[in-house]
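Residue numbers (this note's numbering): 587 to 1023.
Step one of this worksheet: look at the structure below.
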Amino acid sequence: MADIRNNFVGIKSPNPFWLASAPPTDKAYNVVRAFKAGWGGVVWKTLGEEGPPVVNVNGPRYGAIWGADRRLLGLNNIELITDRDLQTNLREIKQVKMDWPDRAIVVSLMVPCVEEAWKAILPVVEETGADGIELNFGCPHGMSERGMGAAVGQVPEYIEMVVRWCKQNTRMPVITKLTPNITDVRKPARAAHAGGTDAVSLINTINSITGVNLDSFAPEPTIDGKGSHGGYCGPAVKPIAMNMVAEIARDPETAGLPISGIGGITTWRDAAEFMALGAGNVQVCTAAMTYGFKIVQEMIAGLENWMDEKGHRSLDDIVGRATPNVTDWQYLNLNYVAKAHIDQDACIKCGRCHIACEDTSHQAITSMVDGVRHFEVIDEECVGCNLCVNVCPVENCITMEPLAVGAMDKRTGKPVSPHYANWTTHPNNPMAKVAAE
């Protein structure tokens, strides 16, 4: 059986599935239930400095985006960091770690961007026996207006400075949680790396408004007739998160920097995809909030079964395997040619492929042949865009078939070249022409 034990920057857990810092990890009661269900670790909900606790709203905290079947695709939340007393949290963290020594407990922290504030909280967290800390530089609402969260995460110089303070004042591994609300995620990752962080985690939530009530004309969720931007999470953010993970994993300045992947992970397959792109483990929130803690059991079983089927013995066999295959558009092979093919036995003749192609693409699919309703690809017009594959309701009914080297591309009237060629050398590229001159 595949070994899915995880060792992330020296923090060991029986599997790579951690609960992210969020409502599910706000207290011992939740965390113990999570561990009993099988979660390998948790990142305890973000703690603030000693003093009066943060004040959350006493009303709706979530907005939602649903699919046609009412399946939850995304959550927007306006909740802040823990509103429980710091000492209460610390006592609970210490007790849970004593009771569950084989599970990972990382403590998320957010205090003002002042060295003394970080120096004050680090030793009291360290005394709990926690395995590490996660610096919350991502929260896009409420705390950012106070000069914390994303307000720090959007300034690489601040990130490097705070990370360095933490590394100088604690023995615990430091994980830096990055905001996606930035133009180029590589810059804060580089800053964290320069400050000495042991790892980065991403993504935190995306700044968003998920909906407007068209009766009250206020954003959802609505508090006494008003709404605010919040943090967006859930399956809808997964593509954004995976791209950012891959960008850090393949950046020469941060290559090899451990990554904890976050963002819309709901199934074992999602987790495997994040790890293939370079994440050493994954953190989950929305899926647990939607389906409950026991969802991890399906994740564990699914990952183990897939690894056994593929012959992967440990997580090291899959972490980063896809990273070398992520490239920039300009390096894609322009001599590669593929055409869509419709399996007539599987086709239910719904016509969605034809409508999509006829109205919005390349008019490359028939609707009638010899007076009979029939959908077939016109190779002379097909550019291989695969829109038809994505709109077809029947899985594998339409597939993309590469043309063999030397085969005639009926659209261009030219044989498929055996040579690799990309935009950097293409004659239509003005930069290539300048270089040639």
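Ideal Cβ placement from N, Cα and C applies to all residues, glycine included.
It should be emphasised that the depicted structure is a prediction, and the values quoted were computed from it without experimental measurement.
Best match in the options for proximity to residue i [C-alpha to C-alpha]
i: Arg750; options: Ala780, Cys725 and Leu764; result: Ala780
i: Asn1008; options: Thr632, Leu920 and Met893; result: Leu920
i: Leu676; options: Leu659, Leu658, Leu695 and Asp688; result: Leu695
i: Trp604; options: Met885, Gln949, Pro988 and Pro1004; result: Met885
i: Asn1015; options: Asn793, Gln916 and Trp630; result: Gln916
i: Leu788; options: Lys812, Gly627 and Gly864; result: Gly864
i: Leu764; options: Cys974, Trp630 and Met830; result: Met830
i: Asp717; options: Asp688, Pro698 and Glu743; result: Asp688
i: Cys1031; options: Ala706, Pro742 and Arg776; result: Look at the range of the chain in this structure, 587 to 1023, and you will see that residue 1031 is not part of it.
i: Glu712; options: Arg776, Lys680 and Gly626; result: Lys680
i: Glu812; options: Phe803, Pro1004, Val923 and Gly820; result: In the sequence under discussion, the amino acid at residue 812 is Lys, which differs from the Glu named in the question. It is Phe803.
i: Ile881; options: Trp854, Lys773 and Met893; result: Trp854
i: His1005; options: Gly992, Pro1013, Thr998 and Trp686; result: Gly992
i: Ile719; options: Ala785, Trp892, Gln930 and Glu702; result: Ala785
Those residues which DSSP pairs with residue i across a bridge
i: Ala785; result: Ile761
i: Asn799; result: Ala804
i: Val868; result: Phe603 and Gly847
i: Pro1001; result: Met994
i: Ala924; result: Pro988
i: Phe594; result: Ile597
i: Lys812; result: Ile809
i: Ile951; result: Val963
Closer than 6 Å: residue i CB and nearest the ligand GDP heavy atom
i: Val955; result: Judged by which ligands are present, the structure shown has none, so any question about the ligand GDP falls away.
Same chain only: Cβ atoms within 7 Å of residue i, ignoring 5 sequence neighbours per side
i: Lys935; result: Arg959 and Phe961
i: Ala1022; result: With a pLDDT of only 45 at Ala1022, under 50, the local geometry of the prediction cannot be trusted, and the value read off the model is given with reservation. Hits under 7 Å: none found.
i: Arg647; result: Asn663, Ile664, Glu665 and Pro807
i: His898; result: Ala588 and Ile904
i: Glu966; result: Lys996 and Arg997
i: Lys683; result: Ile691, Thr714, Gly715 and Ala716
i: Ala908; result: Ala862 and Leu863
i: Arg757; result: Glu712
Residue i - DSSP class collapsed to helix/strand/coil
i: Ile845; result: strand
i: Met696; result: coil
i: Lys622; result: helix
i: Thr632; result: strand
i: Cys725; result: coil
i: Arg750; result: helix
i: Ala775; result: helix
i: Glu1023; result: Caution is warranted here: a pLDDT of 46 is assigned to Glu1023, below 50, making its placement in the model unreliable, and no coordinate value can be reported.
i: Tyr818; result: strand
i: Ala874; result: helix
i: Glu720; result: strand
i: Gly627; result: strand
i: Asn644; result: coil
i: Arg836; result: helix
i: Asn793; result: strand
i: Asp688; result: coil
i: Asp929; result: coil
i: Tyr1006; result: coil
i: Asp589; result: strand
i: Val958; result: strand
Same chain, Cβ closer than 6 Å to residue i, neighbours up to 5 away in sequence not counted
i: Ile851; result: Ala857, Val868 and Val870
i: Val912; result: Ala832 and Arg836
i: Lys824; result: Gly849 and Gly850
Closer than 7 Å to chain C by CB, residue i
i: Arg647; result: Any reference to chain C falls outside this structure, which holds one protein chain only.
Neighbourhood of residue i by C-beta, 8 Å cutoff - its chain only, sequence neighbours within 5 removed
i: Glu944; result: Ile951 and Ser953
i: Leu918; result: Asn1008 and Trp1009
i: Ala841; result: Ala835
i: Val693; result: Val629, Trp630, Leu633, Ile679, Val711, Thr714, Ala716, Gly718, Ile719 and Glu720
> What residue ranges within the stretch 962-994 form continuous alpha helix (DSSP H) runs of no fewer than 4 residues, ordered along the chain?
Replying inline: 973-977
>> Could you tell me which whole beta strand (DSSP E) segments of length 3 or greater appear in the stretch 649-674?
In response: 658-663
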